[in-house]
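Read the structure below first, then the notes.
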Amino acid sequence: MDLKKLMTDLEAKNPAQPLYLQAAKEVLETIVDFVNENSQYDKYAIVERILEPERIVKFKVTWVDDKGQIQINRGFRVQHNMAIGPYKGGLRFHKSVTEDTMKFLAFEQTFKNSLTTLPMGGGKGGSDFDPTGKSEGEVMRFCQSFMTELQKYIGPETDVPAGDIGVGGREIGFMYGQYKRIRGEHVGVLTGKGLEWGGSLIRPEATGYGAVYFLEGMLKEKKDSIKGKRVALSGFGNVAWGAALKLEELGAKVVAISGPDGYILDEDGITGEKIAYMDELNATRNNVVAPFAKKYPSAKFFAGKRSWEVKVDIAIPCAIQNELDENDAKVLIANGVKYVVEASNMGCTAEAVTALQKAKVAFAPGKAANAGGVATSGLEMSQNSMKLAWTAKEVDEKLNAIMTNIHDNCVKHGKEKDGYINYVKGANIAGFIKVADAMIAQGIAY
Ligand code: GLU
129 MDLKKLMTDL EAKNPAQPLY LQAAKEVLET IVDFVNENSQ YDKYAIVERI LEPERIVKFK
189 VTWVDDKGQI QINRGFRVQH NMAIGPYKGG LRFHKSVTED TMKFLAFEQT FKNSLTTLPM
249 GGGKGGSDFD PTGKSEGEVM RFCQSFMTEL QKYIGPETDV PAGDIGVGGR EIGFMYGQYK
309 RIRGEHVGVL TGKGLEWGGS LIRPEATGYG AVYFLEGMLK EKKDSIKGKR VALSGFGNVA
369 WGAALKLEEL GAKVVAISGP DGYILDEDGI TGEKIAYMDE LNATRNNVVA PFAKKYPSAK
429 FFAGKRSWEV KVDIAIPCAI QNELDENDAK VLIANGVKYV VEASNMGCTA EAVTALQKAK
489 VAFAPGKAAN AGGVATSGLE MSQNSMKLAW TAKEVDEKLN AIMTNIHDNC VKHGKEKDGY
549 INYVKGANIA GFIKVADAMI AQGIAY
């Protein structure tokens, strides 16, 4: 595989798609040696094939707002790779969503889902619909219109969407209702469903829990302990909420969390009722964390700033892509950070990752560290197929085992000569192998 030529061709083919190119470049740079040592991958042009999504569906979503005005949004579903199972991945409703966003996320999802060891291919979808400040009626009408089109392309054995930024239990409910109304089937076509109608226990907590289980693996690798460690989070959404719950349970101290309007610093620790309040604030979809400081006198609010300037041992980005840049990384390093764990997808810029790796900070990429969400979606699919429900303990144990296995697999493929674990390399190689081998076995199908 000729890395330079591949990147030049990719840039020519995907102009104005910087996110997709960033995600692809990171994978190509870290798998190149492995691919060149295993000639079957070049023989079957696996890398070139894996870079091309199998299908991109792009559609119009028209709906009527509370003022009676007609609104038009764009909907997407990128069905990236089906080699190891039905397409699987979330739906993101956020004003920043473009085809580029969807392509990069679907590409990442293929590797992430492979790492879970569950039979799930990679896909991603969403819309540039902005849920901020929308009424429940508006969200429902949007979701119904979105699903009226999306239902043509999905199904429990073909493509199983779930939540992501801006899509939680409420939105999954509205979309599931519409799918059922049109198709007349009550099937496992979405995950993240309500417990009463096919959802899995622990799914809401799973991404955050999983990231902390992965972090435990990293700490163990360094013979370190989570107890008393200071943590900064970003996000204030469902992922940060799950992470905060698990961090508290295991004895770490979350001191800072940021949202779109700034960050909260609370030296008493963000625990118990405060974590529940985070979830309440998130549910309003107003994109503000400032009210937190008004409610809790121990908390200070820093408008327009990010939590990465706080002195912590562990940083866990839980919001959106490229939310931690090189400057943030340098400040974190200067403050003695030891672990950076992406619970968001591609939460750090490429330059930030390089800086962290150079400083020998243990860095876990999203496709490994945040795989707990989709892994538990996979467990929800299994329960739906068997028409039964596991207990919270059963699901949590399986999640923990999956995350430990992903961690160990990253170590296996990412350990460098000096003992430093390059988790990015490890995750990309381990994720690649399963998909690539399945593609070879299935002939020139895609
Ligand atoms: N949106 C989540 C992710 O980025 C979960 C996807 C799913 O559960 O299918 O992995």
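All letters in the sequence shown, in the order written, are residues 129 to 574 by the numbering used here.
We put the beta carbon where it would ideally sit given N, CA and C, even for glycine.
**Asked** Thinking C-beta only, is A483 closer than 8 Å to A457?
**Response** As a working mapping, residue 457 is identified with position 329 in the sequence shown. As a working mapping, residue 483 is identified with position 355 in the sequence shown. Going by C-beta atoms, A457 is nearer than 8 Å to A483.
**Prompt:** Is there at least one non-hydrogen atom of the ligand GLU closer than 7 Å to the beta-carbon of G365?
**Reply:** Within the sequence shown, the letter at position 237 stands for residue 365. Checking the Cβ of G365 against the ligand GLU gives no.
**Request:** Run through the region 147 to 228 for me and flag every whole alpha helix (DSSP H) of 4 or more residues, listed as ranges in chain order.
**Result:** Runs of the alpha helix (DSSP H) inside the region 147 to 228: 168 to 171, 174 to 178.
**Asked** If you drop the 5 nearest sequence neighbours on each side, which residues of the same chain put their C-beta closer than 7 Å to that of A421?
**Response** On the sequence shown, residue 421 is found 293 positions in, with the first residue counted as 1. Excluding its 5 nearest sequence neighbours in each direction, A421 has C-beta neighbours in its own chain below 7 Å: I392, A427, K428, F429, listed in chain order.
**Prompt:** G387 by DSSP, collapsed to three states: which one?
**Reply:** Indexing the sequence shown from 1 puts residue 387 at position 259. In this structure, G387 counts as strand in the three-state DSSP scheme.
**Prompt:** Expressed to the nearest angstrom, what Euclidean distance is found between the alpha-carbon atoms of G249 and A339?
**Reply:** As a working mapping, residue 249 is identified with position 121 in the sequence shown. As a working mapping, residue 339 is identified with position 211 in the sequence shown. So the alpha carbons of these two residues sit roughly 21 Å apart.
**Item:** H314 versus S386, P284, E333, residue with shortest Cα-Cα distance
**Value:** The sequence position of residue 314 within the sequence shown is 186, counting from 1. Closest option to H314, Cα to Cα, is P284.
**Request:** Taking 8 Å as the threshold, find out whether the region 180 to 191 comes into contact with the region 200 to 212 through three or more Cβ pairs.
**Result:** yes
**Request:** Could you tell me which residues DSSP pairs with V469 in its beta bridges?
**Result:** For the purposes of this step, residue 469 is taken as the residue at position 341 of the sequence shown. Partner(s): A492.
**Message:** Here's a check: name, in chain order, each residue in its chain whose Cβ is nearer than 6 Å to the Cβ of M531, leaving out the five neighbours to either side.
**Reply:** By 1-based counting over the sequence shown, the position of residue 531 is 403. So the qualifying residues of the chain are G338, Y341, F342, G500.
**Prompt:** Exposed or buried, which one is M103 when buried takes at least 16 other CB atoms within 10 Å?
**Reply:** As shown, the chain starts at 129 and ends at 574. That puts residue 103 outside it, with no answer to give.
**Request:** From the DSSP output, in three-state form, read off K321 for me.
**Result:** Sequence index remark: in the sequence shown, residue 321 carries index 193 (1-based). The three-state secondary structure of K321, taken from DSSP, is coil.
**Message:** Between which residues of its own chain and S505 is the CB-CB distance below 6 Å, once the five residues before and five after are set aside?
**Reply:** Counting from 1 along the sequence shown, the entry for residue 505 is found at position 377. Contacts found: A290, T319.
**Prompt:** Which residue or residues does DSSP assign as beta-bridge partners of P289?
**Reply:** If you number the sequence shown from 1, residue 289 lands on position 161. Paired residue(s): G217.
**Request:** Following the continuous beta strand (DSSP E) through V438, name the residue where it begins and the one where it ends.
**Result:** The residue you call residue 438 lines up with position 310 of the sequence shown. Run containing V438: none; DSSP gives neither H nor E here.
**Request:** Grab the span of the alpha helix (DSSP H) containing S510 for me, first residue to last.
**Result:** Against the sequence shown, residue 510 aligns to sequence position 382. Here the alpha helix (DSSP H) through S510 covers 499 to 514.
**Proximity to G322 [Cα-Cα], best of Y304, F560, K252, D137** = On the sequence shown, residue 322 is found 194 positions in, with the first residue counted as 1. Residue Y304 is the option with its Cα nearest to G322.
**Completely contained alpha helix (DSSP H) runs for the region 404 to 464, where each covers 4 or more residues** = 418 to 423, 454 to 462
**alpha helix (DSSP H) segment containing V523, residue limits** = Here residue 523 is taken as the residue at index 395 of the sequence shown, counted from 1. Note, V523: alpha helix (DSSP H), 520 to 542.
**Request:** Just mark G326 as buried or exposed, buried being the case when its beta carbon has 16 or more other beta carbons within 10 Å.
**Result:** Reading the sequence shown from its first residue, position 198 is the one you call residue 326. Classification for G326: buried.
**Request:** Using 7 Å as the cut-off, classify the Cβ of G253 as near or not near the heavy atoms of the ligand GLU, replying yes or no.
**Result:** Reading the sequence shown from its first residue, position 125 is the one you call residue 253. Every heavy atom of the ligand GLU is 7 Å or more from the Cβ of G253, so no.
**Message:** Report the CB separation of D396 from W369 in whole angstroms; it is logged as a contact under 8 Å.
**Reply:** Translated into positions along the sequence shown, residue 396 becomes position 268. Translated into positions along the sequence shown, residue 369 becomes position 241. Going by Cβ atoms, the distance from D396 to W369 rounds to 18 Å, so no, they are not a contact pair.
**Request:** Indicate, with yes or no, if the ligand GLU has a heavy atom lying under 7 Å from the CB of D292.
**Result:** Working through the sequence shown from its first residue, we reach residue 292 at position 164. At least one heavy atom of the ligand GLU lies closer than 7 Å to the C-beta of D292.
**Asked** For L246, does the three-state DSSP call read helix, strand or coil?
**Response** Taking the sequence shown and counting its residues from 1, the one referred to as residue 246 is at position 118. Coil, per DSSP.
**Message:** The alpha helix (DSSP H) that contains A360, what's its start and end?
**Reply:** Start at 1 with the first residue of the sequence shown, and residue 360 comes out as number 232. It is not in any alpha helix (DSSP H) - A360 instead sits in the beta strand (DSSP E) that spans 358 to 362.
**Where P481 sits in the DSSP three-state scheme** = Position 353 of the sequence shown, counting from 1, holds the residue named residue 481. Here residue 481 is Val; the residue named in the question, Pro, does not match the sequence. In this structure, V481 counts as helix in the three-state DSSP scheme.
**Request:** Using 10 angstroms around the beta-carbon of I557, count the other beta-carbons present and answer buried if the total reaches 16, otherwise exposed.
**Result:** As a working mapping, residue 557 is identified with position 429 in the sequence shown. Buried: at least 16 other Cβ atoms inside 10 Å.
**Request:** Answer yes or no: do E470 and G494 have a C-beta to C-beta separation smaller than 8 Å?
**Result:** As a working note, residue 470 is residue 342 in the sequence shown. As a working note, residue 494 is residue 366 in the sequence shown. Cβ distance < 8 Å, so E470 and G494 count as in contact.
**Asked** Helix or strand or just coil, what does DSSP make of L393?
**Response** As a first step, residue 393 is located in the sequence shown; it is residue number 265 there, counting from the start. DSSP places L393 in the strand class (E or B) of the three-state scheme.
**Item:** Distance between beta carbons of A380 and V438, contact taken as under 8 Å
**Value:** The count along the sequence shown starts at 1 and reaches residue 438 at position 310. The count along the sequence shown starts at 1 and reaches residue 380 at position 252. So it is not a contact: roughly 14 Å between Cβ atoms.
**Where I572 sits in the DSSP three-state scheme** = Mapped onto the sequence shown, residue 572 falls at position 444. I572 falls in the coil class under three-state DSSP.
**Asked** In three-state DSSP terms, what is K252?
**Response** In the sequence shown, counting from the first residue as 1, residue 252 sits at position 124. If DSSP states are grouped into helix, strand and coil, K252 belongs with the strands.
**Prompt:** How about K216: is its Cβ closer than 7 Å to a heavy atom in the ligand GLU?
**Reply:** Against the sequence shown, residue 216 aligns to sequence position 88. It does: the Cβ of K216 is within 7 Å (strictly closer) of some heavy atom of the ligand GLU.
**Prompt:** Looking at the unbroken alpha helix (DSSP H) that takes in Y337, where does it start and where does it end?
**Reply:** Position 209 of the sequence shown, counting from 1, holds the residue named residue 337. Unbroken alpha helix (DSSP H) run through Y337: 331 to 349.
**Request:** Enumerate in chain order the residues of its own chain whose CB-to-CB distance from V539 is below 7 Å, with the five nearest sequence positions on each side excluded.
**Result:** Counting from 1 along the sequence shown, the entry for residue 539 is found at position 411. Taken in chain order, the residues that qualify are E349, I549, G554.
**Item:** Contact test: V417 Cβ vs the ligand GLU heavy atom, cutoff 7 Å
**Value:** Taking the first residue of the sequence shown as 1, we reach residue 417 at position 289. V417 Cβ: outside cutoff for every heavy atom of the ligand GLU.
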